[in-house]
Amino acid sequence: MDEKKIISVLEHLRPTPGVRFYRRMSQAPWHSGRETQRRRPWLYAAASLLAILVLFGTLPPLQALARGWIRFFTPQESIELNGQAGGDREFALELDQVRQVAGFDLLVPTWLPQGFALEGADFDERRNAVIINYLKSGALLRLTQSMGEGTREIGSIGSQAEVQPVALNIGGRSQQAEYVAGAWRLSPIGTLIESRPEVNATLEAGWDPDAKIQVLRWEFGGILYEIIHGDADPALFTPQIIFKIAEGMQ
Amino acid sequence: MSATGQKKPSPELPLASSTAFSALFEETHMLVFRYIYGLHGGPVQAVEDLTADTFTRAWNARRRFEGSRSAAIGWLLRIARNLVIDARRKEQFRGVPLDLAAVIVHEPGMAPEERLVLQEQAGQLWQALQALPQERREMLVLRYMVGWRVKEIAKHLNIAENTVSQTIRRTLKKVRQNLEQPKGAG
Chain U
45 MDEKKIISVL EHLRPTPGVR FYRRMSQAPW HSGRETQRRR PWLYAAASLL AILVLFGTLP
105 PLQALARGWI RFFTPQESIE LNGQAGGDRE FALELDQVRQ VAGFDLLVPT WLPQGFALEG
165 ADFDERRNAV IINYLKSGAL LRLTQSMGEG TREIGSIGSQ AEVQPVALNI GGRSQQAEYV
225 AGAWRLSPIG TLIESRPEVN ATLEAGWDPD AKIQVLRWEF GGILYEIIHG DADPALFTPQ
285 IIFKIAEGMQ
Chain W
2 MSATGQKKPS PELPLASSTA FSALFEETHM LVFRYIYGLH GGPVQAVEDL TADTFTRAWN
62 ARRRFEGSRS AAIGWLLRIA RNLVIDARRK EQFRGVPLDL AAVIVHEPGM APEERLVLQE
122 QAGQLWQALQ ALPQERREML VLRYMVGWRV KEIAKHLNIA ENTVSQTIRR TLKKVRQNLE
182 QPKGAG
């Protein structure tokens with residue numbers, strides 16, 4: 045290796061901090077004021093929606109064998125939730141930070157329903173997934189992009205849920221996606237997460253086709269994309285809303 | 002923009018407020034992390050902790066800092082250097098293999114065999130780098146991993162530009178000679 049090559053190799057060394065570092069830094073004192081202001085609306089406005097959201101995309105890969113023609117979802121009569129009920133994810137990373145740890149190119153929406161604002165992002169190491177969360181009182185919007193292990197996890201839906209195949213134009217390409225409305229609902233809902241965040245019991249959830257939650261999934265280039273959108277306002281809860289979000293992703 | 006893609010910070014913002022300090026963190030944490038990584042040698046988690054400790058110390062001392070934003074970077078790096086020296090002394094540093102997956106940037110279109118060669122060379126070079134005296138290692142890290150110009154390094158280390166250039170040239174030559182020595186030849 046001559047000096048020129050040594051310089052070239054050194055210039056290829058570009059270490060970057062991992063998720064662990066950014067999580068720690070999100071709690072740093074110079075960030076603390078901002079974090080308090082950002083999380084409170086989410087806790088108060090959408091606590092009940094969190095209980096059902098957590099159940100999407102958590103089935104192990106083997107259950108995909110039971111799927112029929114549906115590509116991204118698995119119908120089930122009911123599901124059991126083991127361990128903590130969830131809702132504890134912190135969206136403490138900026139988009140630039142999560143881009144650095146993702147290892148793949150992220151898409152972000154260029155259009156959002158009125159009133160949504162970016163809360164932040166998180167990286168799920170187990171699923172190799174980037175999760176971006178947006179906030180609005182009484183509503184939710186969460187985008188998940190996973191690669192590798194994460195693409196093999198299947199969204200579970202109720203046996204009576206209707207999966208609608210849709211052709212969308214995303215990034216200038218015609219893209220086949222699947223759309224489902226409804227969600228698994230824990231019973232009793234609402235009080236569980238707030239009063240017993242450490243719960244470790246096995247909980248049963250039933251499918252609620254009337255839940256104001258809609259999910260859209262598609263795959264391109266080895267990356268699984270998922271949008272979960274919910275809104276208590278019926279005027280803002282139509283399939284066209286989530287389709288428009290997807291078609292605006294770049 | 003420097004060679005690392007870091008934005009050049011604007012010169013006159015104070016550090017006392019959390020907003021100003023947060024902006025300083027956003028602009029400089031990658032530079033500080035890479036500086037510490039090159040100086041300390043890893044593993045990644047130890048470097049992350051040292052980077053976090055650097056900013057925590059700077060935050061605690063922010064009201065005593067008087068100077069421009071560019072001076073703030075030098076101040077951060079001096080805090081970082083002291084932490085690295087303490088850490089290596091306590092840990093009785095023996096050298097850690099380079100975490101290739103976390104550290105090397107592969108250019109688009111690079112063939113798999115080119116990547117393997119680069120990884121092997123980087124691993125060997127990393128060991129050679131860690132064996133250098135700290136002052137020389139620091140100059141190489143600042144010049145090629147952080148992407149500073151000789152002029153910036155000279156200002157930061159308070160030595161003549163010519164001295165920096167000569168030291169870097171001599172150090173590169175020394176590293177090449179060490180890499181050429183057969184294994185076990187000392």
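Line by line, the protein sequences give chains U and W.
45 is the number of the first residue of the first sequence in our numbering; add one for each residue after it.
2 is the number of the first residue of the second sequence in our numbering; add one for each residue after it.
All C-beta atoms in this analysis are idealised placements derived from N, C-alpha and C, irrespective of residue type, glycine included.
Could you say which of the options lies nearest to residue i if we only look at CA atoms?
i: M205/W; options: L57/U, H75/U, L179/U; result: As displayed, chain W neither begins before 2 nor continues past 187, which places residue 205/W out of reach and without an answer.
i: G266/U; options: E55/U, A161/U, R64/U, Q189/U; result: Q189/U
i: W60/W; options: S18/W, R79/W, R177/W; result: S18/W
i: I50/U; options: R144/W, I154/W, N163/W, R150/W; result: R144/W
i: W251/U; options: F264/U, E263/U, A205/U, L185/U; result: A205/U
i: T282/U; options: Y269/U, A255/U, F65/U; result: A255/U
i: Q131/W; options: G43/W, R35/W, S23/W; result: G43/W
i: M45/U; options: P134/W, L141/W, L126/W; result: L126/W
Please report how far the alpha carbon of residue i lies from the alpha carbon of residue j, in whole angstroms.
i: A161/W; j: W76/W; result: 19 Å
i: L137/U; j: L187/U; result: 14 Å
i: V165/W; j: K156/W; result: 10 Å
i: M146/W; j: E136/W; result: 15 Å
i: L94/U; j: H273/U; result: Reliability of the predicted coordinates at L94/U is poor, the pLDDT of 43 falling under 50, and the value obtained from them is presented with this limitation in mind. Roughly 12 Å between the two C-alpha positions.
i: E291/U; j: V48/W; result: 41 Å
i: Q284/U; j: P278/U; result: 13 Å
i: A129/W; j: N179/W; result: 7 Å
i: G216/U; j: M293/U; result: 10 Å
i: W8/U; j: R143/U; result: Shown here, chain U extends from 45 to 294; a query on residue 8/U therefore has no answer.
i: I286/U; j: A112/W; result: 40 Å
i: L1/W; j: L156/U; result: Chain W is shown only over 2 to 187; residue 1/W falls outside these bounds and no answer can be derived.
i: L16/W; j: S218/U; result: 50 Å
i: S203/U; j: I175/U; result: 27 Å
i: L212/U; j: E47/U; result: 53 Å
Can you check whether the C-beta of residue i is within less than 8 Å of a C-beta belonging to chain U?
i: Y145/W; result: yes
i: M31/W; result: yes
i: F66/W; result: no
i: R70/W; result: no
i: S166/W; result: no
i: A53/W; result: yes
i: E49/W; result: yes
i: R177/W; result: yes
List the whole-angstrom C-beta distance separating residue i from residue j, where the pair is believed to meet the contact cut-off of C-beta under 8 Å.
i: P61/U; j: T52/W; result: 7 Å
i: V210/U; j: A123/W; result: Actually they do not touch by this definition, with Cβ atoms about 46 Å apart.
Please check if any C-beta of chain W sits within less than 8 Å of the C-beta of residue i.
i: D46/U; result: yes
i: P253/U; result: no
i: R67/U; result: no
i: A72/U; result: yes
i: G127/U; result: The predicted position of G127/U is uncertain, since its pLDDT is 40 and thus under 50; a value taken from the coordinates is nonetheless stated next. Closer than 8 Å: no.
i: E291/U; result: no
i: G296/U; result: Here chain U covers residues 45 to 294 and nothing more, so residue 296/U does not appear.
i: E55/U; result: yes
i: I271/U; result: no
i: T60/U; result: yes
i: P85/U; result: Any answer about P85/U is weak, because its pLDDT of 33 lies below 50 and its placement is not dependable; what the coordinates show is given next. So, not an interface residue.
i: R64/U; result: yes
i: I50/U; result: yes
Looking at the unbroken beta strand (DSSP E) that takes in residue i, where does it start and where does it end?
i: L184/U; result: 183–191
i: I214/U; result: 208–214
i: W262/U; result: 257–264
i: F167/U; result: 161–168
Note the first and the last residue of the continuous alpha helix (DSSP H) segment covering residue i.
i: R217/U; result: It is not in any alpha helix (DSSP H) - R217/U instead sits in the beta strand (DSSP E) that spans 217–225.
i: H41/W; result: 19–41
i: D87/W; result: 70–92
i: L54/U; result: 47–55
i: D54/W; result: 45–61
i: V145/U; result: 139–146
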